[in-house]
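Trainee: In our numbering, the protein residues as written are 1 to 571.
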């Protein structure tokens, strides 16, 4: 009898585990935001022209080929393989097609007509080999990338030395980003390492393979990462590396694998999620990151910024390249090393509000700042500081002198509300509140997930949107969620808009989770935070609670790849 009960308990445990596993799978694949990427389109017929390869190289790598992308009448210029732009080599990933270069190349072709500059996109055909599943092909692919770089530079020998490109920019998708890093390890004396200064990777697992299928793959990664850790400030000191991760929608490559932590430093490298990139602000899946129009536009603008005016080459230093990448891929920040100017310009309230610059130099921006105020019953302005505690923002209505440290502050209100930890749901109510910031010190592990629900009430007669911003201080994985309010009294002509008969409230849900774990616990003041930029004419209800379904989904995301090993071990 006891044995039968024991078997029944075992079956019940297996059944519960299987149910949790299936629920976690459902949450993993379906509990993500929608795909908000716009598609890229071609305005002319695309063409992929094969680049001639020396016979010796072709015989050694018969499965591989090099192509050049062009469109419409622009292809006629390149019939004789004469090129005048800035060369960029697109390296495909696992089982990918060389035709994936179309999105970047097509946008660059169209945008170059306005910039009066040109980007020449080349792409490698690896015969759609499964390089993420079998590491035995990675060495040959790396060697062919090296030969492709040399072949591309020879195509520009007809140009004058003053304008002839001396570098090739590498853009690697998925495993292609690893190949871009591997050329410095496998090159030997095959090519000059200084011919590559910029590497951009898309959804590339830099830290480790997604799944360790064989020893070739493990050894390949180990050699590359060991070399980069050792030579980053030596033979690789001329390299600038940009790693882009897709975020929650990428089910193939987790964002923590795209991190450069421990491999490089922040002086010459950036790793960021697409949700935090200005003008992108959306998660991308593993395929979409190649053609997402918002990301393609941002990347192309940054590449055109690198090119010197009047030429199709660039000779910028690593610092200048990093400043350009920070401008386009990181949130805009002011230079906090500037000296404070203690002068305020007196103005009339009948004119637009003028804030005299408070810094002697704010990067490229100089002069006064004009901030138009929306007509309202009262004026409001929010001033936020991301500075440390040794710096302050001062407001005063008295003359400022160097001898007077007393600051007169008027009509500034706010409150600090400590919230005790709880396993139950927590609800807040805000009335006539413009800004709320919540710190979440307990959110530090990958399996933790909070669901935030913002409900707006009494917003009739206003269309001013609200913004939810989730910030993680130790990683570039911020999430922005715009809450657009619809006025029921407004008539909408579009069939896709909300019907005028639909009444407010508007409910917006958001999942707070970490894509990368916290690795440094020395600074206990760096907590994830949730910022709410609200409409003061509305009333809001904010509800925060644990999301157990998404917790199971996070466990599936980070540990499902261990399941095959466990199954084979048990069997």
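Beta carbons: idealized from backbone N, C-alpha and C, even for Gly.
Below 8 Å, can you find three or more Cβ-Cβ pairs linking the segment 468-487 to the segment 547-567?
Mentor: no
Trainee: The beta strand (DSSP E) with residue 437 in it runs from where to where?
Mentor: 435-439
Trainee: Pair every Cβ in the segment 252-262 with every Cβ in the segment 314-327, then say whether three or more of these pairs are closer than 8 Å.
Mentor: Because the criterion of three Cβ pairs below 8 Å is not met, the segment 252-262 and the segment 314-327 do not touch.
Trainee: Can we count residue 149 as close to the ligand HEM, meaning its CB is less than 8 Å from some heavy atom?
Mentor: Of ligands this structure carries none, so the ligand HEM is not represented either.
Trainee: Using alpha carbons as the reference points, say which of 453, 147, 458 and 459 lies closest to residue 481.
Mentor: Of the listed residues, the one whose Cα sits closest to residue 481 is 453.
Trainee: Excluding sequence positions up to five away, which residues of its chain have a Cβ less than 6 Å from the Cβ of residue 129?
Mentor: 137
Trainee: Starting from the Cα of residue 516, find the closest Cα among 247, 87 and 153 and give me that residue.
Mentor: Among 247, 87 and 153, the Cα nearest to that of residue 516 is on 247.
Trainee: I need the DSSP call for residue 17, collapsed to helix, strand or coil.
Mentor: helix
Trainee: Since residue 172 contacts residue 199 with CB under 8 Å, what's their CB separation in whole angstroms?
Mentor: 7 Å
Trainee: For residue 114, does the three-state DSSP call read helix, strand or coil?
Mentor: Helix at residue 114.
Trainee: Quick one: any contact between the segment 219-238 and the segment 274-282, if contact means 3 or more CB pairs under 8 Å?
Mentor: no
Trainee: Which residue or residues does DSSP assign as beta-bridge partners of residue 67?
Mentor: 50 and 123
Trainee: Residues in its own chain within less than 7 Å of residue 211 by CB, not counting five upstream and five downstream?
Mentor: 561
Trainee: Spell out the partners DSSP gives residue 269 in its beta bridges.
Mentor: 241
Trainee: Give me whichever residues DSSP pairs with residue 322 in a beta bridge.
Mentor: DSSP output for residue 322 lists no bridge partner at all.
Trainee: What's the gap between the Cα of residue 314 and the Cα of residue 164?
Mentor: 10 Å
Trainee: Please return the same chain residues whose Cβ sits closer than 8 Å to the Cβ of residue 215, not counting the five positions on each side in sequence.
Mentor: 135
Trainee: Buried or exposed: residue 112, going by 16 or more other Cβ atoms within 10 Å of its Cβ?
Mentor: buried
Trainee: Compare the Cα-Cα distances from residue 440 to each of 431, 428 and 421 and report the closest residue.
Mentor: 421
Trainee: Is it buried or exposed, residue 181, if we count other Cβ atoms within 10 angstroms and call 16 or more buried?
Mentor: Classification for residue 181: buried.
Trainee: Give the straight-line distance between the Cα atoms of residue 26 and residue 19, rounded to the nearest whole angstrom.
Mentor: 11 Å
Trainee: Based on Cα-Cα distance, which residue from 535, 64, 86 and 272 lies nearest to residue 55?
Mentor: 64
Trainee: Check the DSSP bridge columns for residue 530 and list the partner residues they point to.
Mentor: 438 and 470
Trainee: Is the segment 191-210 in contact with the segment 103-119, if contact means three or more CB pairs nearer than 8 Å?
Mentor: no
Trainee: Can you give me the start and stop residues for the alpha helix (DSSP H) that residue 286 sits inside?
Mentor: Per DSSP, residue 286 belongs to no alpha helix (DSSP H) and is neither H nor E.
Trainee: Closer than 6 Å by C-beta to residue 108: which residues in its own chain qualify, once you throw out the five before and the five after it? Chain order, please.
Mentor: 119 and 300
Trainee: Opposite residue 202 in the DSSP bridges: which residues?
Mentor: 173 and 244
Trainee: Could you check what DSSP says for residue 564 in three-state terms: helix, strand or coil?
Mentor: helix
Trainee: Any idea if residue 41 is buried or exposed, counting beta-carbon neighbours within 10 angstroms, 16 or more meaning buried?
Mentor: Counting other Cβ atoms within 10 Å of its Cβ, residue 41 stays below 16 and is therefore classed as exposed.
Trainee: Could you have a look at residue 89 and say whether DSSP puts it in helix, strand or coil?
Mentor: strand
Trainee: Okay, do the segment 440-450 and the segment 526-538 touch, 3+ Cβ pairs below 8 Å being the bar?
Mentor: yes
Trainee: Can you give me the C-alpha to C-alpha distance between residue 201 and residue 241, rounded to a whole angstrom?
Mentor: 8 Å
Trainee: Would you please state the rounded distance, in angstroms, between the beta carbons of residue 296 and residue 50? I believe it to be under 8 Å.
Mentor: Between residue 296 and residue 50 the beta-carbon gap is near 24 Å, outside 8 Å, which marks them as no contact.
Trainee: For residue 218, collect the residues of the same chain with a Cβ closer than 6 Å to its Cβ; drop the 5 residues on either side in sequence, then sort them by chain order.
Mentor: Within the same chain, and ignoring the five residues on either side of residue 218 in sequence, the residues whose Cβ sits closer than 6 Å to its Cβ are 212.
Trainee: Measure the beta-carbon distance from residue 101 to residue 121 and round it to whole angstroms, keeping in mind my assumption that it falls under 8 Å.
Mentor: 5 Å
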